[in-house]
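Data block below; observations after.
There are 2 protein chains.
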Amino acid sequence: MKTHQLVLAWIETELSEGRLAVGGRIPAERSLAEQLKVSRTSVREAIRILEAMGVVRAGVGSGPEAGTVVISDPTAALGSALRLHVATQHLPVEDIVETRVLLESWAVSHAKPGSPQLAVATRLLGEMDAEAVSVDEFLALDVRFHLALADAAGNAVVSAMMGSLRESITGYASRLTGNLPDWDATAARLRVEHHGILAAVQDHDGDRAARLVADHIEGYYKEAGLASGGT
Amino acid sequence: MKTHQLVLAWIETELSEGRLAVGGRIPAERSLAEQLKVSRTSVREAIRILEAMGVVRAGVGSGPEAGTVVISDPTAALGSALRLHVATQHLPVEDIVETRVLLESWAVSHAKPGSPQLAVATRLLGEMDAEAVSVDEFLALDVRFHLALADAAGNAVVSAMMGSLRESITGYASRLTGNLPDWDATAARLRVEHHGILAAVQDHDGDRAARLVADHIEGYYKEAGLASGGT
DNA sequence: CTTAGAGTGTGGTTAGACCACAGGGGATCC
DNA sequence: GGATCCCCTGTGGTCTAACCACACTCTAAG
Chain F
1150 MKTHQLVLAW
1160 IETELSEGRL
1170 AVGGRIPAER
1180 SLAEQLKVSR
1190 TSVREAIRIL
1200 EAMGVVRAGV
1210 GSGPEAGTVV
1220 ISDPTAALGS
1230 ALRLHVATQH
1240 LPVEDIVETR
1250 VLLESWAVSH
1260 AKPGSPQLAV
1270 ATRLLGEMDA
1280 EAVSVDEFLA
1290 LDVRFHLALA
1300 DAAGNAVVSA
1310 MMGSLRESIT
1320 GYASRLTGNL
1330 PDWDATAARL
1340 RVEHHGILAA
1350 VQDHDGDRAA
1360 RLVADHIEGY
1370 YKEAGLASGG
1380 T
Chain V
1150 MKTHQLVLAW
1160 IETELSEGRL
1170 AVGGRIPAER
1180 SLAEQLKVSR
1190 TSVREAIRIL
1200 EAMGVVRAGV
1210 GSGPEAGTVV
1220 ISDPTAALGS
1230 ALRLHVATQH
1240 LPVEDIVETR
1250 VLLESWAVSH
1260 AKPGSPQLAV
1270 ATRLLGEMDA
1280 EAVSVDEFLA
1290 LDVRFHLALA
1300 DAAGNAVVSA
1310 MMGSLRESIT
1320 GYASRLTGNL
1330 PDWDATAARL
1340 RVEHHGILAA
1350 VQDHDGDRAA
1360 RLVADHIEGY
1370 YKEAGLASGG
1380 T
């Protein structure tokens, strides 16, 4: 077993046993190194991994915001991992889109009617209806709208996976907009479809919402020309 | 931007541009450090992150198996990330099980009839039918059976997510078996259900397969007493 | 031709040093 | 006495230099 894994194991145990919780602070690198009888380098390697996994956040200086504190951002971990594996071209973009459709269909059909995320989604739709929004702003709002819908189902794992899927193909998706023949027409259609989806969710018509969201996503990628093997 | 992120960005670019591919080798740590004008420490931190993400594998010594080579094991990344976040108790086990049900239901209903993974699943069922298998062996075969089913859908992202979900709660699941009143009876029931699921898949009856697999998983966790907030 | 040894290059680990940063508390000034 | 400024301390961030264990490869001895 490598040295840094020993540090990882120690921290994971502290988390499992409840001695470390979100918001808490990990011992300083130098103290931890001394305590575990390893070098500071090894401690740092472990902390780097945790940082990449969205489990801790490192901050220099002193005071309450400094030091290495425990957070919980599963989306960060899954997102960067997926992005890297997409880069290796061992995770086809088509599979990511397909997975997104399946997760999001499930999410809207299981949305909790009273979820505050639905109000958020409604507000985001209002912002998207404004005429002044640019393409990039529209896309950013679109991402947040879909994530809000996914969150409304109340499943943290599904939410995290949805977020990471979006993150991993954000760059790809924004390149796709260049393929659209008429952005304004597309945007208008997307707005209408968004309202339809949200209405179905609020009518507690999960099946209709699932169907609409699947058509919505697949229709967009088809129009933008999801190329297999594009540059 | 931190130094190790520069190294990460360089490697990710090399992957995206196709200059690095799975099976290829990353420059030696010392050369890369010199090339990018950073210290070997920073290079190592970046490589550690990639290793934790399942993107590279580091091997000492010399020869074809040595050095840092590019691999692609998305399951490793997602699995350890999920496990850590479960440890922080910000990802409820219930949500993981629910997500597993939704992914696996989709997978069996979209299984490709000709997939060789179905033959693998059949063989695994045969091994599980043997009388001599211990509890641990049975569970290990069970995991492989379900993963084979998920692979049969041919979606790499869904396969990776399924694998990581299983990995993240393996420890939890094996503790659950202690709650079962009568293991032999449960095992017998699981065997029957497995054959039923596989038969439905091979009959191209995706809906029935999805329903059976959902009942199968939920039934097991219910019998074993999926405790919310257990130690 | 076989085999034992030295050589070479790889990642693994450590120690020690220096830097930039940000807060805290004491010294100073009004 | 109160407000202000500045040094001190502790944090993570980075780098250098050295040594180790390992596994192959080449060489020279048998």
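Read top to bottom, the protein sequences are chains F and V. In short: position in the first sequence from 1, add 1149, done, that's my numbering. In short: position in the second sequence from 1, add 1149, done, that's my numbering. Glycine is no exception: its CB is placed at the ideal position from the N, C-alpha and C atoms.
Bridge partners for residue i per DSSP, in chain order?
i	result
residue 1174/V	1218/V
residue 1206/V	1218/V
Check whether the Cβ atoms of residue i and residue j sit closer than 8 Å, and answer yes or no.
i	j	result
residue 1174/V	residue 1217/V	yes
residue 1258/V	residue 1355/V	yes
residue 1388/V	residue 1366/F	Chain V is shown only over 1150 to 1380; residue 1388/V falls outside these bounds and no answer can be derived.
residue 1325/V	residue 1289/V	no
residue 1201/V	residue 1165/V	no
residue 1363/V	residue 1350/V	no
residue 1156/V	residue 1195/V	yes
residue 1227/V	residue 1204/F	no
residue 1353/V	residue 1262/V	yes
residue 1270/F	residue 1294/F	yes
residue 1274/F	residue 1347/F	yes
residue 1305/V	residue 1241/F	yes
Alpha carbon to alpha carbon, what distance is there between residue j and residue i?
i	j	result
residue 1243/V	residue 1344/F	31 Å
residue 1380/F	residue 1320/F	Confidence at residue 1380/F is low in this model, with a pLDDT of 41, below 50, so the placement of that residue is unreliable and no value is reported for it.
residue 1191/F	residue 1220/F	21 Å
residue 1231/V	residue 1172/F	18 Å
residue 1296/F	residue 1311/F	7 Å
residue 1235/F	residue 1338/F	29 Å
residue 1378/F	residue 1334/V	Residue confidence is low: residue 1378/F scores 40 on pLDDT, short of 50, so the model does not pin down where it sits. No coordinate-derived value is stated.
residue 1313/F	residue 1281/V	43 Å
residue 1167/V	residue 1160/V	11 Å
residue 1435/F	residue 1371/F	This structure cannot settle anything about residue 1435/F, because the visible part of chain F is limited to 1150 through 1380.
residue 1318/V	residue 1278/F	43 Å
residue 1336/V	residue 1308/F	33 Å
residue 1182/V	residue 1180/F	28 Å
residue 1184/F	residue 1176/F	10 Å
residue 1301/F	residue 1150/F	42 Å
residue 1237/F	residue 1316/V	23 Å
residue 1254/F	residue 1187/F	48 Å
residue 1260/F	residue 1285/F	27 Å
residue 1189/V	residue 1158/V	16 Å
residue 1178/V	residue 1213/V	16 Å
residue 1152/V	residue 1152/F	22 Å
residue 1291/F	residue 1298/F	11 Å
residue 1332/V	residue 1272/V	23 Å
residue 1239/V	residue 1170/F	10 Å
residue 1210/F	residue 1266/F	36 Å
residue 1163/F	residue 1154/F	14 Å
residue 1323/V	residue 1283/V	13 Å
residue 1341/V	residue 1303/V	25 Å
residue 1276/V	residue 1360/V	25 Å
residue 1268/V	residue 1207/F	48 Å
residue 1368/F	residue 1369/V	38 Å
**Asked** Which parts of the stretch 1227 to 1315 of chain V are runs of the alpha helix (DSSP H), unbroken and 4 residues or longer, counting only runs that do not cross its ends?
**Response** The stretch 1227 to 1315 of chain V contains these whole alpha helix (DSSP H) runs: 1242 to 1258, 1265 to 1278 and 1284 to 1300.
**Interfacial residues, the stretch 1312 to 1326 of chain V to chain F, with Cβ spacing under 7 Å** = Residues passing the 7 Å Cβ filter: none.
**Item:** Against chain F: residues of the stretch 1234 to 1250 of chain V by CB proximity under 8 Å
**Value:** Result list: 1234, 1236, 1237, 1238, 1239, 1240, 1241, 1244, 1245, 1247 and 1248.
**Prompt:** In chain order, what residues of the stretch 1295 to 1308 of chain V put their CB closer than 7 Å to some CB of chain F?
**Reply:** Answer set for the stretch 1295 to 1308 of chain V: 1304, 1305, 1306 and 1307.
**Request:** Using a Cβ-Cβ cut-off of less than 9 Å, give me the residues of the stretch 1203 to 1223 of chain V that come near chain F, in sequence order.
**Result:** Taking a C-beta cut-off of 9 Å against chain F, the contacting residues of the stretch 1203 to 1223 of chain V are 1203, 1204, 1219, 1220, 1221, 1222 and 1223, listed in chain order.
**Request:** Check distances from the C-beta atoms of the stretch 1167 to 1199 of chain F to those of chain V and list, in chain order, the residues that come in under 9 Å.
**Result:** The stretch 1167 to 1199 of chain F vs chain V, Cβ under 9 Å: 1167, 1169, 1170, 1171, 1190, 1193, 1194, 1195, 1197, 1198 and 1199.
**Asked** Just by C-beta distance, which residues in the stretch 1253 to 1287 of chain V are closer than 7 Å to chain F?
**Response** The residues in question are 1255.
**Prompt:** Listed from N- to C-terminal order along the chain, which residues in the stretch 1365 to 1376 of chain F have their beta-carbon within a distance smaller than 8 Å of any beta-carbon of chain V?
**Reply:** So nothing in the stretch comes that close.
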